[in-house]
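Take a look at the structure below.
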Amino acid sequence: ARASLQRLALGNERFVANNPLPQPKSPDEASINPFAIVVGMAEVRLPIERVFDVTPGDLVVQRVSGGIAGREDSTLFASLEYAVTRWRPKLLVVLADSDSKIVSAAIDQVSGDVIP
3 ARASLQRLAL GNERFVANNP LPQPKSPDEA SINPFAIVVG MAEVRLPIER VFDVTPGDLV
63 VQRVSGGIAG REDSTLFASL EYAVTRWRPK LLVVLADSDS KIVSAAIDQV SGDVIP
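Quick note on numbering: the sequence shown equals residues 3 to 118 in my numbering.
Below is the structure:
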């Protein structure tokens, strides 16, 4: 997981510095081997792969809108479960703004609060 997190951090540094690596237009099926899952909020206005300067197929990206904590019957939960089973990525990142009510609710839920 540390290597995956470091890879995302280095890619984000390149993105912030506007110094991205050259990227292929699209991956072939054999090259799709995601090293991380990123759950991002729907309002993010650019491709999450670009934020981390990775090649298409390096991440499983799930976009959500609204509360997600603890809903095992949700499409998001099923998608994450499938991605973990199929590719076994080493890292799950929840990408949100620093004042995200969704992330705060998830942390509260993990701490024992009732899901809203």
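Beta carbons are placed, not taken as given, at the ideal position from N, Cα and C, and that holds for glycine.
Computed from a predicted model, the values in this text were never measured in an experiment.
Taking just the CA atoms, how far does residue j sit from residue i?
i, j, result
"N35", "M43", "23 Å"
"E45", "A80", "22 Å"
"A5", "D75", "31 Å"
"D110", "L97", "17 Å"
"L12", "D99", "20 Å"
"V63", "I39", "6 Å"
"E51", "R90", "18 Å"
"Q8", "L61", "14 Å"
"F37", "S106", "26 Å"
"D115", "A108", "9 Å"
Near residue i, which residues of its chain fall below 8 Å by C-beta distance, leaving aside the five closest residues on each side in sequence?
i, result
"N14", "V53, F54, D55"
Under 7 Å Cβ to Cβ from residue i, same chain only, skipping five residues before and after it: list those, please.
i, result
"P22", "R16, D55"
Based on the DSSP secondary-structure assignment, which residues constitute the bridge partners of residue i?
i, result
"A38", "L61, L93"
"D66", "With the sequence shown as reference, residue 66 is identified as Val, and Asp is not the correct amino acid for it. M43."
Going by beta carbon distance, what residues of the same chain come within less than 6 Å of residue i, once the five residues before and after it are set aside?
i, result
"P29", "P58, G59"
"A3", "K92, L93"
For the alpha helix (DSSP H) containing residue i, name the first residue and the last one.
i, result
"S6", "4-18"
"E74", "First-last for E74: undefined, no H or E at that position."
"V53", "50-53"
Any heavy atom of the ligand ADP closer than 7 Å to the CB of residue i?
i, result
"T57", "The model on display carries no ligand, and the ligand ADP is accordingly not part of it."
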